[in-house]
Amino acid sequence: MNDFLAVTHEVINQPRALENYNLYGGDRALREGVEREGGAWAGNDLSAFGASAGTAEMLELGHLANKFPPEFDSHDRFGHRVDLVRFHPAYHRLMERAIGEGLHSSPWTEPRAGAHVARAARFYMQSQIEAGHGCPITMTFASVAALRRQPDLAAEWLPKITARSYDPRNVPAAEKSGLTVGMAMTEKQGGSDVRANTTRAVPKADGSYELVGHKYFVSAPMCDLFLVLAQAPDGLTCFLLPRWKPDGTKNPLQIQRLKNKMGNRSNASSETELRGALVWRVGEEGRGVATILEMVALTRFDCMIGSSAGMRMAASQALFHCGQRSVFGKLLTEQPLMQNVLADLALESEAALALTLRLARALDQGEESLMRIATAIGKYWICKRTPNHAYEAMECIGGSGVMEDGPMPRLFRESPVNAIWEGSGNVQCLDVLRAMAKSPEAVEALFAEFESAKGVNAALDCHAKALRQDLSDPADAEFRARDLVDRMAVGLQAALLLKHAPSFVAEPFIASRLEGRGQHHYGTLARGTDCKAIIERGMPASV
Ligand SMILES: Cc1cc2nc3c(=O)[nH]c(=O)nc-3n(C[C@H](O)[C@H](O)[C@H](O)COP(=O)(O)OP(=O)(O)OC[C@H]3O[C@@H](n4cnc5c(N)ncnc54)[C@H](O)[C@@H]3O)c2cc1C
């Protein structure tokens, strides 16, 4: 025998990749949630969408779009300023699919009961393939709410913004079949505090303005339009900035460089300078924050969807892996301690989805008071729960979980991003306090959710009562805000699970999150929890 051709070993006990499965059909909590919250009519389409999302080819696109991140060319080879960002073809295919499926516009172009729920379900599945391209999709979707504040601009631009046509060319809007929209608020001296913006807006005789200044974070700089904040004579104002001027020349929004991000790698984010850029006013002068908040409320909601999706993919990977991997002679899904961890990860993921879909219904039904407070609560809580969840899921997979060949490092690197942008954690908590002070009806809407589950579980009833009492004490509210919002969030999730999920899901969630257990790490569910049932419910595909 030739020693060099000897077979060294057979590869055994290595799980199959999680691919060629249906992200809708294989997700019981998602299917139940969509039906419950008003999206049942979309079931067949969602199932087809889920099947295509789970193909090996589609999942590979997500991998490639991150393995080959965007590159920036400031000038062409002849010295002309081009501000061009080049993406891997995989990124473009994901964008094409997202826009073709109306993830950026379906509730606006085809409004009906459950439209936001159906769109949220699609975005949830699409984000599991890849999160970075979701950024321009979300911003385009959300921009519609702000642009509607300025009917002339809305009439001019919305048809192409909402069109189901992805046109990535760096050419004037008039030549394109579809447009995407970005958002530029953050400056070097302040992101949370946008009132510190120094970019100046100089009014022109024709009603337009010129912007001079900088923006420190401009994601998706290949967008065709941007909603921008700048200081006009009457104060901070929202403007619409086209990438190209109507006369076909480049508008001087100049990209200085791309951000070197730890996560969200497929999505280009940039630092830019505005050198007399043409813009049109959106809403009144001096009302910029109120105007752009119309958009920000929706981007925050999409952060909830995106982080819930990240948790679902992480839990799916962990469950599927452990369902096939044997250690010490037994499958990991049969080892009690791992069952505890997996079940806990699945509970967290299901609770995040339940809250997200409930808010999608609130959007559909115009439940403004609930949206006002619960978007901030949900954005804060779900986005903040994601990093540790991703890390635990990675650990379930062991050493291979750390390897860049698989999806776990990408899920992990992506996991903190949503918590930081669109208003970081503390900013969300302060926003909850603001909602409580300015809109007492928002607090009532929150407690109506607890009320609707009252009398079923004593721990939840006690939780709601204690929370109500603590909210009535205004002393040191800012200092205590995280504690209060944490409790609002888990209370809301508990109420939703109690009403809608099987008791083997709702009860351990309440016991671990409301009754003081499981505060420190995943995998500390109480004795007697039916982990097998939770694992079976969460399993994305048969192993
Ligand atoms: C990947 C990525 C992409 C981004 N893309 C965009 C984009 O496209 N457009 C855009 O405009 N911006 C974008 N941003 C910027 C983002 O919105 C800001 O980074 C964010 O709003 C925080 O602002 P900052 O970085 O200036 O931090 P700061 O405002 O300095 O905040 C730092 C910390 O202080 C906390 N904090 C703030 N105020 C208080 C307070 N009163 N009490 C207690 N704590 C407080 C915050 O929660 C935060 O944790 C992006 C950021 C990232 C990471």
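The sequence shown begins at -17 in the working numbering and counts up one residue at a time.
Built from N, CA and C at the ideal position, the CB exists for glycine as well.
Whole-number beta carbon distance between residue j and residue i, since they are thought to touch under 8 Å
i: leucine 249; j: glycine 114; result: The question names leucine, yet the displayed sequence has asparagine at residue 249. Yes, they are in contact, since the Cβ atoms of asparagine 249 and glycine 114 sit about 4 Å apart, within 8 Å.
i: alanine 333; j: alanine 297; result: The pair is not a contact, with the Cβ atoms about 11 Å apart (cut-off 8 Å).
i: glutamine 321; j: proline -3; result: With a Cβ gap of about 17 Å, glutamine 321 and proline -3 do not count as contacting.
i: serine 421; j: arginine 354; result: 6 Å
i: alanine 30; j: methionine 121; result: Alanine 30 to methionine 121, Cβ: 26 Å. No contact.
i: isoleucine 143; j: serine 125; result: 7 Å
i: alanine 508; j: proline 490; result: 7 Å
i: valine 264; j: leucine 222; result: 5 Å
i: alanine 212; j: arginine 182; result: 6 Å
i: aspartate 534; j: isoleucine 237; result: As shown, the chain starts at -17 and ends at 525. That puts residue 534 outside it, with no answer to give.
i: valine 409; j: serine 174; result: 5 Å
i: leucine 428; j: alanine 356; result: 7 Å
i: glutamate 497; j: alanine 459; result: That belief does not hold up - the Cβ atoms of glutamate 497 and alanine 459 are roughly 25 Å apart, past 8 Å.
i: threonine 273; j: arginine 416; result: The pair is not a contact, with the Cβ atoms about 17 Å apart (cut-off 8 Å).
i: alanine 435; j: lysine 481; result: 5 Å
i: glycine 96; j: leucine 339; result: The Cβ separation is near 10 Å, so there is no contact.
i: alanine 471; j: isoleucine 359; result: 5 Å
Where residue i falls, given that 16 or more other Cβ within 10 Å makes a residue buried
i: glycine 230; result: exposed
i: glycine 473; result: buried
i: lysine 447; result: exposed
i: valine 414; result: buried
i: aspartate 55; result: exposed
i: alanine 103; result: buried
i: serine 147; result: exposed
i: alanine 527; result: Nothing about residue 527 can be read from this structure; the chain reaches only from -17 to 525.
i: threonine 180; result: exposed
i: valine 384; result: exposed
i: asparagine 370; result: exposed
i: leucine 161; result: buried
i: arginine 239; result: exposed
i: threonine 506; result: exposed
i: arginine 282; result: buried
i: leucine -13; result: exposed
i: arginine 469; result: buried
i: arginine 495; result: buried
i: cysteine 220; result: buried
i: threonine 368; result: buried
i: arginine 101; result: buried
i: glutamine 299; result: buried
i: glutamate 426; result: exposed
i: asparagine 608; result: Since the displayed the chain opens at -17 and closes at 525, residue 608 lies outside it and no answer follows.
i: alanine 330; result: Checking the sequence shown, residue 330 turns out to be glutamate, not alanine. Answer is buried; the Cβ neighbour count reaches 16.
i: arginine 13; result: buried
i: histidine 502; result: exposed
i: arginine 151; result: exposed
Distance CB(residue i)-CB(residue j) smaller than 7 Å
i: tryptophan 262; j: leucine 85; result: no
i: valine 99; j: arginine 343; result: yes
i: glycine 258; j: proline 224; result: no
i: leucine 324; j: alanine 11; result: no
i: isoleucine 287; j: phenylalanine 105; result: yes
i: leucine 479; j: valine 487; result: yes
i: alanine 528; j: histidine 70; result: The displayed coordinates of the chain run from -17 to 525. Any statement about residue 528 would go beyond what the structure contains.
i: leucine 529; j: leucine 76; result: There is no way to answer for residue 529, as the model of the chain reaches only from -17 to 525.
i: glycine 36; j: tyrosine 73; result: no
i: leucine 209; j: methionine 165; result: yes
i: methionine 244; j: arginine 18; result: no
i: glycine 32; j: methionine 107; result: yes
i: leucine 260; j: lysine 227; result: yes
i: alanine 127; j: methionine 277; result: yes
i: glycine 520; j: leucine 301; result: yes
i: glycine 8; j: alanine 483; result: no
i: tyrosine 198; j: lysine 241; result: no
i: isoleucine 379; j: histidine 303; result: yes
i: glutamate 431; j: serine 351; result: no
i: tyrosine 362; j: glycine 311; result: no
i: alanine 80; j: isoleucine 119; result: yes
i: serine 397; j: glycine 292; result: yes
i: alanine 216; j: glycine 270; result: The displayed chain sequence assigns aspartate, not alanine, to residue 216. Their beta carbons are not under 7 Å apart, which means aspartate 216 does not touch glycine 270 by this criterion.
i: glutamate 53; j: arginine 68; result: yes
i: tyrosine 191; j: glutamate 374; result: no
* To do: Just list the alpha helix (DSSP H) runs in the stretch 142 to 219, keeping only unbroken ones of 4 residues or longer that don't cross its boundaries, in chain order.
  => List check, alpha helix (DSSP H) in window: nothing returned.
* **Every unbroken alpha helix (DSSP H) inside the stretch 263 to 332 [4 residues or more]** => 270 to 304, all fully within the stretch 263 to 332.
* Within the stretch 380 to 438, note down every full alpha helix (DSSP H) run reaching 4 residues or more, in order along the chain. => You should have 390 to 396, 399 to 402, 407 to 420, 422 to 433.
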